[in-house]
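**Q** Take this structure first; my questions come after.
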Amino acid sequence: MENVRTRFAPSPTGRMHVGNLRTALYEYLIAKHEGGDFILRIEDTDQGRLLEGATDIIYRTLQMTGLVHDEGPDKDKGYGPYVQSERQATGMYLKYAKQLIESGHAYYCFCDQERLDTLKQNVEGKEISVYDKHCLHLSKEEIEANLASGKPYVIRINMPTTGTTTFHDEIYGDITVQNEELDDMILIKSDGFPTYNFANVIDDHLMGITHVVRGNEYLSSTPKYNRLYEAFGWEIPKYIHCPLITDENHKKLSKRCGHSSFEDLLEQGFLTEAIVNFVALLGWCPADNEEFMTLEEMVQKFDYKSLSKSMAVFDFTKLKWMNGEYIRRMEDAAYYEKAIPYVKQAVGEALDAQKLADLVKGRIETFLDIAPLLDFFVELPEYDTAMYTHKKMKTNEDTSLGVLTEILPLLEAQEDYSNDALYALLSGYVTEKGVKNGYVMWPIRTAVSGKQSTPGGATEIMEVLGKEESLRRIRIGIEKLSNR
RNA sequence: GGCUAGUUGGUCAAGGGGUUAAGACGUCGCCCUCUCACGGCGAAAACAGGGGUUCGAUUCCCCUACUAGCUGCCA
Numbered sequence: 040m041e042n043v044r045t046r047f048a049p050s051p052t053g054r055m056h057v058g059n060l061r062t063a064l065y066e067y068l069i070a071k072h073e074g075g076d077f078i079l080r081i082e083d084t085d086q087g088r089l090l091e092g093a094t095d096i097i098y099r100t101l102q103m104t105g106l107v108h109d110e111g112p113d114k115d116k117g118y119g120p121y122v123q124s125e126r127q128a129t130g131m132y133l134k135y136a137k138q139l140i141e142s143g144h145a146y147y148c149f150c151d152q153e154r155l156d157t158l159k160q161n162v163e164g165k166e167i168s169v170y171d172k173h174c175l176h177l178s179k180e181e182i183e184a185n186l187a188s189g190k191p192y193v194i195r196i197n198m199p200t201t202g203t204t205t206f207h208d209e210i211y212g213d214i215t216v217q218n219e220e221l222d223d224m225i226l227i228k229s230d231g232f233p234t235y236n237f238a239n240v241i242d243d244h245l246m247g248i249t250h251v252v253r254g255n256e257y258l259s260s261t262p263k264y265n266r267l268y269e270a271f272g273w274e275i276p277k278y279i280h281c282p283l284i285t286d287e288n289h290k291k292l293s294k295r296c297g298h299s300s301f302e303d304l305l306e307q308g309f310l311t312e313a314i315v316n317f318v319a320l321l322g323w324c325p326a327d328n329e330e331f332m333t334l335e336e337m338v339q340k341f342d343y344k345s346l347s348k349s350m351a352v353f354d355f356t357k358l359k360w361m362n363g364e365y366i367r368r369m370e371d372a373a374y375y376e377k378a379i380p381y382v383k384q385a386v387g388e389a390l391d392a393q394k395l396a397d398l399v400k401g402r403i404e405t406f407l408d409i410a411p412l413l414d415f416f417v418e419l420p421e422y423d424t425a426m427y428t429h430k431k432m433k434t435n436e437d438t439s440l441g442v443l444t445e446i447l448p449l450l451e452a453q454e455d456y457s458n459d460a461l462y463a464l465l466s467g468y469v470t471e472k473g474v475k476n477g478y479v480m481w482p483i484r485t486a487v488s489g490k491q492s493t494p495g496g497a498t499e500i501m502e503v504l505g506k507e508e509s510l511r512r513i514r515i516g517i518e519k520l521s522n523r
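Heads up, the first sequence is in this note's numbering, so the first residue is 40 and it goes up one at a time.
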């Protein structure tokens, strides 16, 4: 069996869209599942849309997510260059285009924008234009004269106007279109650069790509690519078109929604493993139905035949849940490394950041959740004494005042402010009084935090706050309750 | 408008001619509990509609509806 070769071919135009990331992931998985090669190719043929630093983002993303490429601009294995602008500079695309002109599959087109505009028609608010093959009928002399005078030109493919074209997609099956629907797409632009449509075919062939994996949005232009392969007499690769990822409104995931790129998600406190895992599940389900997988497990389980045909909504809520699961499952060292910076940013250097990180671990979905959970440690918030009333704890403002007043001397006498010692102390009081745990814990926790809910219970909070601050807050509570 | 594709609970998603139509997120309820969260248990919630084929269709075929993509010198 031939060696499987897949390629990730992004345009360096900005952040890494999650749809692109998933495509890269599937390409990687398909190759690695068969022990094949995963190639990176930079498609920078649209000179107008290039963005500085975008190539670095691509490298960094692949590196962070573990989608390590076997070949690419930085790892030439004999198929280079791997950057289309560098390939263009060699004149290779033009050479292939001219070959097509000679064989009658393509032609020079000198139509200017003005003429093209006259071909446009408006259908339901959308501009639609079909080229009329005007330049196909130019005489050899006219073409030579235009070329000699330096008139700008493009090269277009000459599509047949009758018959049908059929191609096979690994997940959608055979798809047939009428050739008259295919327009004479541009192969070489007037700036000399190839279009995606052309460069893609040339490069995939030259680089020995066996499985062309890409988004669904290319499904309807794929028949055109087949005409190209046939014109060159090249073998057609396997096509695997992936369903699109959409937002909640079933529209293409866009920057507007705020979480359309890998970088957005990182900034929002997500773990790369969780992102990759989640994105893998948008359009694919492993045979064993296990949702949590490492990259290695995905490689082992992935089967592109089981890809979904329909588009998937990017469920941000589920991503958050999954990220929370990943956080809970993290080893301590790795967790502290990630979490402690967020803790310190929220709370400063004075408090025990590690203890706070522990307190918060089971309660966060992203690292951005940390700060709002810990705010009360820095400063006791203003709160209403009504908070001392809790039906289930059987507490109200009067009982709370009583408990706090009685417990204050005990806490003043207590030297060991560790969680265990404090808990033992208060448990003693609870049994002595013959009341429920919550009856005393609730007022203390309230006094010490000023919040309805907190990470950690009364004693855990006091442990972090320390004796002095804990007592200060309890005295404030007593005062508030007394002055009601 | 044309072309192509898609349609299983709100979302992801198994399954596939005969099933009580999985599982997960979310929602709701109960339990656990020094609050919240975690965890445990449970509940509500789906085969777009209409025609065929068939003893039987959610599954196969056709039509309709809806959705998306394409219809760029973008990719």
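The beta-carbon is built from N, C-alpha and C at its ideal position, and this holds for glycine as well. Fair warning: this is a prediction, and the values are worked out from it, not measured in the lab.
Is it true that the CB of F415 sits closer than 9 Å to the CB of A378?
**A** Numbered from 1 along the first sequence, position 339 holds the residue referred to as residue 378. Numbered from 1 along the first sequence, position 376 holds the residue referred to as residue 415. Against a cut-off of 9 Å, the Cβ pair of F415 and A378 comes out as no contact.
**Q** If A326 sits next to P282, beta carbons under 8 Å apart, how far is it from one beta carbon to the other, in whole angstroms?
**A** What you label residue 326 is simply residue 287 of the first sequence in a count that begins at 1. What you label residue 282 is simply residue 243 of the first sequence in a count that begins at 1. No, A326 and P282 are not in contact; Cβ-Cβ is about 19 Å, not under 8 Å.
**Q** Roughly how many angstroms lie between the CA atoms of E436 and T444, to the nearest whole one?
**A** The residue you call residue 436 lines up with position 397 of the first sequence. The residue you call residue 444 lines up with position 405 of the first sequence. Each residue's Cα considered, the two are about 12 Å apart.
**Q** Once the 5 residues before and after Y374 are set aside, which same chain residues still bring their CB inside 8 Å of it?
**A** Taking the first residue of the first sequence as 1, we reach residue 374 at position 335. Here the set comprises I366, A396, K400.
**Q** To which residues does DSSP link R253 through a beta bridge?
**A** By 1-based counting over the first sequence, the position of residue 253 is 214. Partner(s): H280.
**Q** Just checking my contact of I167 with K159 at CB under 8 Å: how many whole Å lie between their CB atoms?
**A** As a working mapping, residue 167 is identified with position 128 in the first sequence. As a working mapping, residue 159 is identified with position 120 in the first sequence. Indeed, because the Cβ distance is near 7 Å, the residues count as touching under 8 Å.
**Q** Looking at C-beta atoms only, is the number of pairs between the region 169-189 and the region 255-263 that lie closer than 8 Å three or more?
**A** no
**Q** If you follow the alpha helix (DSSP H) that I409 is in, where does it begin and where does it stop?
**A** By 1-based counting over the first sequence, the position of residue 409 is 370. Start and end: 409-417.
**Q** For a test of the three-state rule: what should DSSP assign to G117, helix, strand or coil?
**A** The residue you call residue 117 lines up with position 78 of the first sequence. Coil.
**Q** Please state whether DSSP places V162 in a helix, a strand or coil.
**A** In the first sequence, residue 162 corresponds to position 123, counting from 1. Residue state, collapsed to three classes: strand.
**Q** Using only CA atoms, which one of R54, R126, F149, T203 lies nearest to E82?
**A** Mapped onto the first sequence, residue 82 falls at position 43. The option with the nearest alpha carbon to E82 is R126.
**Q** Quick check on DSSP: helix, strand or coil for A452?
**A** Against the first sequence, residue 452 aligns to sequence position 413. Of the three classes helix, strand and coil, the one that applies to A452 here is helix, per DSSP.
**Q** Closer than 8 Å is the cut-off here; do at least three beta carbon pairs connect the region 419-431 with the region 480-492?
**A** yes
**Q** Looking at the unbroken beta strand (DSSP E) that takes in R514, where does it start and where does it end?
**A** Within the first sequence, residue 514 is the residue found at index 475, counting from 1. R514 -> not in any beta strand (DSSP E); alpha helix (DSSP H) instead, spanning 506-521.
**Q** Among Q393, Q339, C174, which has the Cα closest to the Cα of H68?
**A** Within the first sequence, residue 68 is the residue found at index 29, counting from 1. Strictly speaking, residue 68 in this sequence is Leu, with His absent from that position. Closest by alpha carbon: Q339.
**Q** When the Cβ atoms of the region 70-86 are set against those of the region 214-223, are three or more pairs found closer than 8 Å?
**A** no
**Q** Would you check if the distance between the CB atom of F309 and the CB atom of W323 is smaller than 9 Å?
**A** The residue labelled residue 309 in the question sits at position 270 within the first sequence. The residue labelled residue 323 in the question sits at position 284 within the first sequence. The answer is no: Cβ separation not under 9 Å.
**Q** Which residues does DSSP list as the beta-bridge partners of L79?
**A** As a working note, residue 79 is residue 40 in the first sequence. According to DSSP, which records beta bridges pairwise, L79 is partnered with F47.
**Q** Along the chain, where does the alpha helix (DSSP H) containing F237 start, and where does it finish?
**A** As a position in the first sequence, residue 237 is number 198, starting the count at 1. Segment 235-245, the alpha helix (DSSP H) holding F237.
**Q** In whole angstroms, give me the CA-to-CA distance for K475 and K348.
**A** What you label residue 475 is simply residue 436 of the first sequence in a count that begins at 1. What you label residue 348 is simply residue 309 of the first sequence in a count that begins at 1. Taking the straight line from one Cα to the other gives about 57 Å.
**Q** Taking C-beta to C-beta, are D286 and S300 nearer than 9 Å?
**A** One-based indexing of the first sequence puts residue 286 at position 247. One-based indexing of the first sequence puts residue 300 at position 261. No, these two residues do not count as a Cβ contact at 9 Å.
**Q** Which residues bound the alpha helix (DSSP H) around I97?
**A** Reading the first sequence from its first residue, position 58 is the one you call residue 97. From DSSP, the alpha helix (DSSP H) with I97 extends over 93-104.
**Q** To the nearest angstrom, how far is it from the Cα of L60 to the Cα of F232?
**A** Locating residue 60 in the first sequence gives position 21, counting from the first residue. Locating residue 232 in the first sequence gives position 193, counting from the first residue. Going from the Cα of L60 to the Cα of F232 covers about 26 Å.
**Q** Taking a contact to mean a Cβ-Cβ separation below 9 Å, would you say D223 touches M198 in this structure?
**A** Along the first sequence, one-based indexing puts residue 223 at 184. Along the first sequence, one-based indexing puts residue 198 at 159. Yes, these two residues count as a Cβ contact at 9 Å.
**Q** To the nearest angstrom, report how far apart G297 and S509 are at their CA atoms.
**A** Translated into positions along the first sequence, residue 297 becomes position 258. Translated into positions along the first sequence, residue 509 becomes position 470. So the two alpha carbons sit approximately 41 Å from each other.
**Q** Assign N42 to one of two classes, buried (16 or more other C-beta atoms within 10 Å of its C-beta) or exposed (fewer than that).
**A** Sequence index remark: in the first sequence, residue 42 carries index 3 (1-based). Counting Cβ neighbours within 10 Å, N42 comes out exposed, since fewer than 16 surround it.
**Q** Using 10 angstroms around the beta-carbon of T356, count the other beta-carbons present and answer buried if the total reaches 16, otherwise exposed.
**A** The residue given as residue 356 occupies position 317 in the first sequence. The residue is exposed, with fewer than 16 neighbouring Cβ atoms inside 10 Å.
**Q** Please report the Cβ distance between I194 and L155, rounded to the nearest whole angstrom; I am assuming they are in contact, meaning their Cβ atoms lie under 8 Å.
**A** Residue 194 sits at position 155 when you count from the first residue of the first sequence. Residue 155 sits at position 116 when you count from the first residue of the first sequence. Actually they are not in contact, since the Cβ atoms of I194 and L155 sit about 15 Å apart, beyond 8 Å.
**Q** Rounded C-beta distance between L321 and I284? I'm assuming under 8 Å.
**A** Position 282 of the first sequence, counted from the first residue, corresponds to residue 321. Position 245 of the first sequence, counted from the first residue, corresponds to residue 284. That pair is a contact at about 5 Å.
**Q** Looking only at its own chain, which residues have a Cβ that is under 8 Å from the Cβ of Q393, when we skip the five neighbours before and after it?
**A** Counting from one through the first sequence, the residue named residue 393 turns up at place 354. Within the same chain, Q393 has close Cβ partners Y375, I379.
**Q** Taking L79 and H108 to be in contact with their CB atoms under 8 Å, please state how far apart those CB atoms are, rounded to whole angstroms.
**A** For the purposes of this step, residue 79 is taken as residue 40 along the first sequence, with counting starting at 1. For the purposes of this step, residue 108 is taken as residue 69 along the first sequence, with counting starting at 1. The pair is a contact, with the Cβ atoms about 4 Å apart (cut-off 8 Å).
**Q** Let me know the alpha helix (DSSP H) ranges lying completely inside the region 344-430, each 4 residues or longer, listed in chain order.
**A** Within the region 344-430, the complete alpha helix (DSSP H) runs of at least 4 residues are 355-367, 371-386, 392-400, 409-417.
**Q** If you follow the beta strand (DSSP E) that H207 is part of, which residue opens it and which one closes it?
**A** Within the first sequence, residue 207 is the residue found at index 168, counting from 1. Its beta strand (DSSP E) spans residues 203-208.
**Q** With L461 and T485 assumed to form a contact (beta carbons below 8 Å), what rounded beta-carbon distance in angstroms separates them?
**A** In the first sequence, counting from the first residue as 1, residue 461 sits at position 422. In the first sequence, counting from the first residue as 1, residue 485 sits at position 446. Contact flag wrong, Cβ pair sits at about 16 Å.
**Q** Three-state secondary structure (DSSP) at D327?
**A** Residue numbering aside, residue 327 sits at position 288 when the first sequence is read from its first letter. Note: D327 maps to coil in three-state DSSP.
**Q** What would DSSP say about V122, mapped onto helix, strand or coil?
**A** To locate residue 122, count along the first sequence from 1; it is residue 83. V122: strand per DSSP, three-state reduction.
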